[in-house]
Every structure is written in C-alpha cells, then in structure tokens.
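First up is the structure itself, then whatever we jot down about it.
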Amino acid sequence: MTAAVTPSRNDPGNIDYEAHEVEGRPGEFVIYERWETRAHLDAHLAAPRMRELVPRMLELIEGSVEDGIRLLRPFRPAH
Numbered sequence: 003m004t005a006a007v008t009p010s011r012n013d014p015g016n017i018d019y020e021a022h023e024v025e026g027r028p029g030e031f032v033i034y035e036r037w038e039t040r041a042h043l044d045a046h047l048a049a050p051r052m053r054e055l056v057p058r059m060l061e062l063i064e065g066s067v068e069d070g071i072r073l074l075r076p077f078r079p080a081h
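Reading the sequence shown from the start, the letters are residues 3 to 81 in my numbering.
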C-alpha cells in the first residue's frame, strides 16, 4: 500500500490521497483520493508505477479499478 500512497500524494493535481483499513476487516482498504481534474486522475492511473501496481491490485479486488471509482462533487446546501 505504501508503494501507492506516498508517491501518489506527490503526483501533479493531487489534493488528497488517504488509505484506510476497514475496521474489523483486516486487509480490506478504502482509498480516498481528491484530484484537481479528471485529467489529473487519468494521468495518475497511467503513471508507470500504477501500471505495475494495478495488475497486482486486481488480484486482490472484486471487479475492476474503474468499478470502484466514484466521482464526487462537494455538497453545499443552499442558504
């Protein structure tokens, strides 16, 4: 996990990159990432280290990496 987290925090456009282990489920992680733009996220996923890491991650997850990506926008209620 460290191989992904530390360098990813330094990728262009990264705002936040945090890995969390699910309580009561050892070895199960959720990664919360914030990027300036979708293009920054795409560049991150295309980085050589990620191209090496993703196949190893796929052995451990159900579905694809893209299946787990959720694009979010800040919720700001009207006043």
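Note that the Cβ used here is the ideal one computed from N, Cα and C, for glycine as well.
Hey, Glu38 and Gly15: beta-carbon distance below 8 Å or not? For Glu38 and Gly15, yes; Cβs fall inside 8 Å.
Using the C-alpha atoms, what's the distance from Asp13 back to Ala21? Going by the C-alpha atoms only, they are around 16 Å apart.
Excluding the 5 residues flanking Leu43 on each side, which residues of the same chain have their C-beta closer than 6 Å to its C-beta? Excluding positions up to five away in sequence, the list reads Trp37.
Return yes when the Cβ of Ala5 is within less than 8 Å of the Cβ of Leu60, no when it is not. Their beta carbons are not under 8 Å apart, which means Leu60 does not touch Ala5 by this criterion.
Look at the alpha carbon of His46 and the alpha carbon of Arg53, and state the distance between them as a whole number of angstroms. In a straight line, the C-alpha of His46 is about 10 Å away from that of Arg53.
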